[in-house]
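Just so you know, the protein sequences line up as chains A and B, in that order.
Residue 36 in numbering that gives the first Met the number 0 is what sits at position 37 of the first sequence, and the numbering runs on without skipping anything.
Residue 7 in numbering that gives the first Met the number 0 is what sits at position 8 of the second sequence, and the numbering runs on without skipping anything.
Every residue gets a Cβ at the ideal spot worked out from N, C-alpha and C, and that includes glycine.
All values reported here derive from a predicted model rather than from experimental measurement.
In what follows, a single structure is set out as structure tokens and then discussed.
There are 2 protein chains.
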Amino acid sequence: MVLETVRATDVHPTAEWVFRHVRRRLPRVSLGTVYRNLRLLVREGLLVERADAGGSRFDGNLSEHHHFTCVECGRVFDLREPVRRTVHLRVSSRTGFEVLGHRIEFYGRCAICSSPRKRRRPWQARA
Amino acid sequence: MVLETVRATDVHPTAEWVFRHVRRRLPRVSLGTVYRNLRLLVREGLLVERADAGGSRFDGNLSEHHHFTCVECGRVFDLREPVRRTVHLRVSSRTGFEVLGHRIEFYGRCAICSSPRKRRRPWQARA
DNA sequence: GTCCATGCAAATGCTTTGCAGCCAG
DNA sequence: CTGGCTGCAAAGCATTTGCATGGAC
């Protein structure tokens, strides 16, 4: 159910968020169990973990993709930019490292936060 | 001195590491002071903070650059790959977001860890 | 009965903060 | 004297872990 919950959203939730959502269907779960299962799923490669200030975020979208993080509200959006693996060879030959992949992190202001109309408060996928 | 210490290295140190190095010249500093100053320097834009599992890393290199993280030892290396700002426009027009910048995170095995000779243990910029 | 995942709570690890003291101006 | 930065220790979060319980087989 932890896996289902993370897969069913694109908000890159924190453990806390997953806990609250799983608890709706399974009122007796504990936060510890959610953590244990998240950890397990990451080890098995069924989820990807993203380090983030204020707590890890989990991503059930295993396809290669890039992200955009809003510097105002903190929301992380998936992008459809193509993933160009051609750079791997260039980096490899320049460094001697074995490049397995790469991820582009864009940052800026999302549509809502760049609108001058309203001031909004940080959004943490914790709602 | 905290700023100097972070600027003088390219290991993307943790607060702990900075603390230990500053303490060599200033034996009475406390970890709290190091944290306070790191936080201050990040707010002032003199250092960049990178969220990472097991603790933030700090980077005194303010020029735009990309990173390579070794999945074996955890070391983070700076790359000289050019930063192509042309993608910003494409992402902007597709999403409506105001793109301020981007960072590419490559991952794989560094030269040392991909050598089959020896097995090495995780390295955390804590030495 | 055995095993394994769980709830619960205590423990851990990183980071922040309250407070009193000290130094520079 | 005053303000600001500091050491120290306690507090705060996110996350992990030990242990006893409980259900599946």
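B:V5 is a Cβ neighbour of B:F57, given a cutoff of 8 angstroms. Residues of chain B whose Cβ lies closer than 9 angstroms to the Cβ of A:R108 are, in chain order, F96, E97, V98, L99.
Against B:A50, the close residues of chain A are A50, D51, A52, in the order they occur along the chain (beta-carbon pairs closer than 8 angstroms). B:E104 places its beta carbon less than 8 angstroms from that of A:R102. Beta-bridge pairing by DSSP links B:E71 to no other residue. Look at the stretch 10-93 of chain A and you find these whole runs of alpha helix (DSSP H), each 4 residues long or longer: 14-24, 30-42.
Against chain A, a Cβ distance below 8 angstroms from B:L61 picks out nothing, because the smallest value is about 15 angstroms. Among the CB atoms of chain A, one or more fall inside 8 angstroms of the CB of B:E104. Burial check for A:A14: the Cβ neighbour count within 10 Å reaches 16 or more, so the residue is buried. Within the same chain, H87, V90, S91 come within 7 angstroms of A:V98 by CB-CB distance, once the 5 residues on both sides are set aside.
Taking C-beta separations shorter than 7 angstroms and ignoring five residues to either side along the sequence, the partners of A:L61 in its chain run V47, following chain order. A:C112: member of the alpha helix (DSSP H) spanning 110-113, first to last residue. For B:T4, the enclosing alpha helix (DSSP H) has its first and last residue at 1-6. In this structure, the beta-carbon distance from A:V70 to A:G107 falls below 8 angstroms. B:G59 and B:L45 have their alpha carbons spaced roughly 7 angstroms apart. The three-state secondary structure of A:G100, taken from DSSP, is strand. In terms of Cα proximity to A:R83, the closest of A:V75, A:H65, A:S55, A:G73 is A:H65. According to DSSP, residue pairing for B:G107 in a beta bridge involves A:V98, B:C69.
Our two residues, A:S55 and B:S114, have alpha carbons roughly 31 angstroms apart in a direct line. With respect to chain B, the C-beta atom of A:S113 has a partner C-beta closer than 8 angstroms. The alpha-carbon of A:G73 is positioned some 20 angstroms away from that of A:H20.
The Cβ atoms of B:V17 and B:L37 lie closer than 8 angstroms to each other.
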